[in-house]
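As given, the protein sequences belong to chains S, A and H, one line each in that order. Mapping of the first sequence onto my numbering: position 148 corresponds to residue 148, and the numbering continues sequentially without gaps. With the second sequence counted from 1, adding 1000 to any position gets you my numbering. With the third sequence counted from 1, adding 2000 to any position gets you my numbering. Notes follow once the structure below has been shown.
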Amino acid sequence: MQTASMRSAYGESLVEIGQKNKNVVVLDCDLSKATKTSLFAEKFPDRFFNMGIAEQNMMSFAAGLASCGKIPFATTLAVFASMRPCEQIRTSICIGNMNVKIGAPYGGLCTGENGPTHQCIADINTMRGLPNMTILAPSDATSCKACVLWAAQHKGPVYIRVLRDNEPVIYSKASEVDVLSGNRLKDGNDIVIFSNGFTSHMAVVAADLLEKEGISVTVHDIISVKPIPEKAVISMAKKCGAVMTVEEHNIYGGLGSAIAEVVSQKCPVPMKILGVSDYFSDSGSHQSLLQRAGLTVENIVKQTKSLLNKKE
Amino acid sequence: MIDKTKELERWAQLLRYDVVRMISNAGSGHPGGCLSAADIITCLYFKEMNIRPEEPDWPDRDRFILSKGHACPVLYAALARRGVFPVKKLKTLRKAGSFLQGHPEIHTSGIDMTSGCLGQGLSVGAGMAVAAKIDRKFYRTYVMLGCGEMNEGQVWESVMCASHFKLDNLLAIVDYNRLQFDGSVDEVLSPGSMVKRWKGFNWNVIEIDGHNINEILPAFEKARNTKEVPTVIIANTIKGKGVSFMENDYLWHSLMDRDKLAEKCKQMKKDMENADSFYAKRLW
Amino acid sequence: MYKLGDSIPTRNAYGDTLVELGRKNDQIVVFEADIGKSTRSAIFGKEFPERYFNIGVAEQNEMAIAAGAASCGKIVFVSTYAVFASMRACEQVRTFVAYPHVNVKICVSHGGITPANDGVTHQATEDLGIMRTIPGMTVIMPADAVSTRELVIAATQWDGPIYLRLTRDGVPVIYNEETSFKIGKGILLREGKDITIIAIGDMVSKALDARDILSKQGILAEVIDMHTIKPLDESIILDSVRKTGGVVTVEDHQVECGLGSAVSEFLGENYPIPIQRIGLRNTFAESGEYELLLKKYKMSVDDIISGCFKVVGRKKKKR
Chain S
1 MQTASMRSAY GESLVEIGQK NKNVVVLDCD LSKATKTSLF AEKFPDRFFN MGIAEQNMMS
61 FAAGLASCGK IPFATTLAVF ASMRPCEQIR TSICIGNMNV KIGAPYGGLC TGENGPTHQC
121 IADINTMRGL PNMTILAPSD ATSCKACVLW AAQHKGPVYI RVLRDNEPVI YSKASEVDVL
181 SGNRLKDGND IVIFSNGFTS HMAVVAADLL EKEGISVTVH DIISVKPIPE KAVISMAKKC
241 GAVMTVEEHN IYGGLGSAIA EVVSQKCPVP MKILGVSDYF SDSGSHQSLL QRAGLTVENI
301 VKQTKSLLNK KE
Chain A
1001 MIDKTKELER WAQLLRYDVV RMISNAGSGH PGGCLSAADI ITCLYFKEMN IRPEEPDWPD
1061 RDRFILSKGH ACPVLYAALA RRGVFPVKKL KTLRKAGSFL QGHPEIHTSG IDMTSGCLGQ
1121 GLSVGAGMAV AAKIDRKFYR TYVMLGCGEM NEGQVWESVM CASHFKLDNL LAIVDYNRLQ
1181 FDGSVDEVLS PGSMVKRWKG FNWNVIEIDG HNINEILPAF EKARNTKEVP TVIIANTIKG
1241 KGVSFMENDY LWHSLMDRDK LAEKCKQMKK DMENADSFYA KRLW
Chain H
2001 MYKLGDSIPT RNAYGDTLVE LGRKNDQIVV FEADIGKSTR SAIFGKEFPE RYFNIGVAEQ
2061 NEMAIAAGAA SCGKIVFVST YAVFASMRAC EQVRTFVAYP HVNVKICVSH GGITPANDGV
2121 THQATEDLGI MRTIPGMTVI MPADAVSTRE LVIAATQWDG PIYLRLTRDG VPVIYNEETS
2181 FKIGKGILLR EGKDITIIAI GDMVSKALDA RDILSKQGIL AEVIDMHTIK PLDESIILDS
2241 VRKTGGVVTV EDHQVECGLG SAVSEFLGEN YPIPIQRIGL RNTFAESGEY ELLLKKYKMS
2301 VDDIISGCFK VVGRKKKKR
């Protein structure tokens, strides 16, 4: 299985758009080596600003840059890119629909050993209530690149959640990735799984296993949590009659919640929301934390079967 | 005094060994800032602070907040060496199920407050100091800040607040090693004059060599005897102090080379065993 | 103390209750971020200056200070506006209040669009959702002055952090003083059989108004005051929807992440039925008179009524 690092893809894509568009500027809060914005800094030192450990200042600063026509990519760890400067993002960026892109590596549980203070299972939700915000949660290095390219073109705030480790590669070319509608990774009729981030790969593996047992599963990689691709979600929910969501996020407020809102309004069908069940995790390897949360291929298989029993 | 100094130096050396061993064992962590803080932490936990290792939640204990929470291995080591929990637990650092989290958390014995998200510890400390004043209790609150951390605006909110409320039962200690994650403090976000800034907010400022026990202890005493204003100790330190290849290298803020650290760990153990019988039964 | 039908800002009830509590319990300490006159915490400050601290315009500091004091055994109330408690100090609430699970009661004025004229920057319309996703938080918005008093008192007995949201402007008193309130237990205000309206905070009285009009048009709506959005009272919802088969949620908040979202998550997994969410639809509001804003942003009594008709229609289609 081929793997590639999403945060490296983030850094490399910044360089790529930086070459094409001189308005692209990159900000970082003293973590450029970790977030890989250092790649951009080496290439374009004049368009890179190390803001120091001052995330709130960075977000408001970025809004100022955007108001003068720049396209800032404000980057720091997910928890410090969403919660610490939450009100600055709302007030300086979202209310004015400023053209600021927030790059948020280390989303979810992937900071593992650093413990819950640095893990972030509430970022998607924290951003999701904010009007004008677009939230992207790519599932591999290729789709991460697609998100950066898309964000640079889009006018308005975008939050891109990036992971840390080497993730399995799902897409071969960035141009294949449909950022807004998401992408059908597998087609089936009995149940639809909506996933994003690290869990999309797991969902595909689980679907393959289920297929061998005669259960036919659709897997749809939802990159854009906000706006949620409502039409695609509804049509698949109608076709399959049961919906499961899988994400590296609190079960409250994230992808599962966004899907539940849409499905309950348009076509209520049985659902299961898989994610971190509303607790602060602890220090440990990424794998062990996923295991504790039930974010494993085995559990997806198990939960799919029990959800099928609830189908009318 | 000389004997006490010698003893504290030995404990500090032991904490340094623990830190190197723990991080090497965990495979990740932040050694540089642990080593710069080791002497001060030793003086706090083995001399200055009024705590009861057998009763870590004793309501009248002095409080300590490691606002630069990433340096928690050195704090864990101090707590273990004081007997708050067994030394053998140190090898569980950052492992699933361990109470020794990657950043400090309040549920761990001996840890007074969660920290690690930078810029917030002094605010928390001010709250503890206020609580002591309300209750007319005599416990003191100690907060150690990193110099990179002082980029955070919230630090200055809390600095103003503590002097405004005349929190003379609060002591801030700046581990001024002049390096942060991405480089030197001057490269990343110049702090200007550290001393003048604190003075400007009406703090009692004491500047010391943060590796010299004969400067650290008297500074603590001066702070205790200062009334009406909070005190800050600006401790000039060396990031990575005690491990030659780490000293003053910002890249060793976090673990750079696991093998090199493991190697160093073995070397330290050998050297310490040969140097002093004090260490022999305490090394792991 | 409060008369049925009187229009009272719930922040007033909060200030009065703080003083009442302060007289009984000397462990209660209040922190304020420079707006005590507005949040009404100043009333407490006047009577108990030694237990009242104005931290200045520094909410993040305020939150962390509160956590520190709570960790030393105090029952700490934090007063400020909802925007600043939930968003300016968002990460401090998560890391220093919720994660250590300390006894900090964050009681905030200016919830939703109730600070109508103050404008968007002071209208917290994302806060309930943000607080709800932080593990260990309890999230409350009382519907009137009576329930505010009861729930603030209950908060002092509750173990752990609470986010309690208040209104700037007046809302009608709908409860008499005999009603008993428990954190995490919704109140069945009116019984019905055709649809369940689940409302929170200032929208509860709007839901009652909608119910009166609906009953004249042949629809009997059950009305639940879901004053605690987390932990969600699942049994009251299940009991109700088993009868009615459809839900309209009503909140002075974005329709994403808040009450509507919590109900959708729960029913999606446990009892899938049609749901319509009434609230701000992914937009910032603006300065203006409260009733006019409700109308403009489709959160008025009329909108609740048409939401009910929509769901009742969908229920029929399903059959």
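Even for Gly, the Cβ is constructed at its ideal location relative to N, Cα and C.
Considering only the alpha carbon of each residue, which of the options lies closest to residue i?
i, options, result
"residue 2209 (chain H)", "H:2058, H:2027 and H:2190", "H:2190"
"residue 249 (chain S)", "S:234, S:275 and S:306", "S:275"
"residue 2166 (chain H)", "H:2083, H:2072, H:2246 and H:2221", "H:2083"
"residue 1235 (chain A)", "A:1110, A:1217 and A:1228", "A:1217"
"residue 2193 (chain H)", "H:2176, H:2215, H:2200 and H:2179", "H:2215"
"residue 1020 (chain A)", "A:1033, A:1009 and A:1008", "A:1033"
"residue 127 (chain S)", "S:114, S:91, S:109 and S:143", "S:91"
"residue 98 (chain S)", "S:49, S:87, S:45 and S:158", "S:158"
"residue 2258 (chain H)", "H:2126, H:2088 and H:2058", "H:2126"
"residue 1204 (chain A)", "A:1172, A:1024, A:1177 and A:1141", "A:1172"
"residue 163 (chain S)", "S:177, S:143 and S:150", "S:143"
"residue 1023 (chain A)", "A:1273, A:1187, A:1260 and A:1011", "A:1260"
"residue 2200 (chain H)", "H:2135, H:2153, H:2176 and H:2262", "H:2262"
"residue 2298 (chain H)", "H:2118, H:2113 and H:2160", "H:2113"
"residue 2078 (chain H)", "H:2104, H:2056 and H:2279", "H:2104"
"residue 2135 (chain H)", "S:16, S:87 and S:278", "S:278"
"residue 2137 (chain H)", "H:2111, H:2102, H:2032 and H:2020", "H:2102"
"residue 1015 (chain A)", "A:1038, A:1027 and A:1028", "A:1038"
Can you check DSSP and say which residues form a bridge with residue i?
i, result
"residue 184 (chain S)", "S:220"
"residue 5 (chain S)", "S:166"
"residue 2095 (chain H)", "Looking at the DSSP assignment, residue 2095 (chain H) forms no beta bridge with any residue, so it has no partner."
"residue 49 (chain S)", "S:27"
"residue 1179 (chain A)", "A:1184"
"residue 194 (chain S)", "S:220 and S:245"
"residue 272 (chain S)", "S:244"
"residue 2320 (chain H)", "Residue 2320 (chain H) is absent from the model: chain H starts at 2001 and stops at 2319."
"residue 1144 (chain A)", "A:1066 and A:1173"
"residue 2053 (chain H)", "H:2031"
"residue 2079 (chain H)", "H:2032 and H:2107"
"residue 136 (chain S)", "S:160 and S:224"
For the alpha helix (DSSP H) that residue i lies in, which residues bound it at each end?
i, result
"residue 1154 (chain A)", "1153 to 1164"
"residue 1261 (chain A)", "1258 to 1275"
"residue 2023 (chain H)", "2010 to 2024"
"residue 2242 (chain H)", "2234 to 2244"
"residue 2268 (chain H)", "2259 to 2270"
"residue 248 (chain S)", "Counting along the chain, residue 248 (chain S) falls outside any alpha helix (DSSP H), though it belongs to the beta strand (DSSP E) covering 243 to 250."
"residue 2061 (chain H)", "2059 to 2071"
"residue 144 (chain S)", "141 to 153"
"residue 228 (chain S)", "Careful: residue 228 (chain S) lies outside any alpha helix (DSSP H) and carries neither H nor E."
"residue 258 (chain S)", "255 to 266"
From what residue to what residue does the beta strand (DSSP E) around residue i run?
i, result
"residue 57 (chain S)", "Per DSSP, residue 57 (chain S) belongs to no beta strand (DSSP E); it is in the alpha helix (DSSP H), 55 to 67."
"residue 1169 (chain A)", "No beta strand (DSSP E) holds residue 1169 (chain A); DSSP gives it neither H nor E."
"residue 2276 (chain H)", "2275 to 2280"
"residue 1211 (chain A)", "Neither: residue 1211 (chain A) is in no beta strand (DSSP E) and is coded neither H nor E."
"residue 2252 (chain H)", "2247 to 2254"
"residue 2045 (chain H)", "Careful: residue 2045 (chain H) lies outside any beta strand (DSSP E), inside the alpha helix (DSSP H) at 2042 to 2047."
"residue 2170 (chain H)", "2170 to 2172"
"residue 74 (chain S)", "71 to 75"
| Can you list, in chain order, the stretches of the alpha helix (DSSP H) that have 4 or more residues and sit fully within the region 77 to 124 of chain S? | Correct list: 78 to 82.
| task | Determine which residues of the region 5 to 32 of chain S have a Cβ less than 9 Å from any Cβ of chain H, and write them out in chain order. | result | Listed by position along the chain: nothing, the set is empty.
| Interfacial residues, the region 2266 to 2277 of chain H to chain S, with Cβ spacing under 8 Å | Hits within the stretch, in order: 2267, 2268, 2269, 2272, 2273, 2274, 2275, 2276 and 2277.
| query | Between the region 1087 to 1112 of chain A and chain S, which residues of the former have CB atoms less than 9 Å from a CB of the latter, in chain order? | reply | Shown in chain order are the members of the region 1087 to 1112 of chain A whose Cβ falls below 9 Å from a Cβ of chain S: 1093, 1094, 1095, 1096, 1097, 1098, 1099, 1100, 1101, 1102, 1103, 1104 and 1105.
| task | With 9 Å as the C-beta to C-beta threshold (strictly closer), list the residues of the region 113 to 144 of chain S near chain A in chain order. | result | Only 113, 114, 115, 116, 117 and 118 from the region 113 to 144 of chain S bring a Cβ to less than 9 Å from some Cβ of chain A.
| Along the chain, which unbroken stretches of the alpha helix (DSSP H) at least 4 residues long are found entirely within the region 2177 to 2243 of chain H? | As for any alpha helix (DSSP H) of minimum length 4 sitting wholly inside the region 2177 to 2243 of chain H, the runs are 2203 to 2216, ordered along the chain.
| task | Output, in sequence order along the chain, the residues in the region 1005 to 1029 of chain A whose CB is closer than 7 Å to any CB in chain S. | result | Within the region 1005 to 1029 of chain A, those residues whose Cβ lies closer than 7 Å to any Cβ of chain S are, in chain order, 1026 and 1028.
| task | Scan the region 1143 to 1157 of chain A for residues whose Cβ lies nearer than 7 Å to a Cβ of chain H and list them as they occur along the chain. | result | Among the residues of the region 1143 to 1157 of chain A, those with a Cβ less than 7 Å away from any Cβ of chain H are 1154 and 1157, in the order of the chain.
| request: Would you list, in sequence order, the uninterrupted beta strand (DSSP E) runs of no fewer than 3 residues that lie entirely inside the region 2103 to 2153 of chain H? | output: Unbroken beta strand (DSSP E) runs of no fewer than 3 residues, entirely contained in the region 2103 to 2153 of chain H, are found at 2104 to 2109 and 2138 to 2140, following chain order.
| field | Near-chain H residues of the region 275 to 299 of chain S - C-beta to any C-beta below 7 Å | value | Of all residues in the region 275 to 299 of chain S, only 278, 279 and 280 come within less than 7 Å of chain H when Cβ atoms are compared, listed by chain position.
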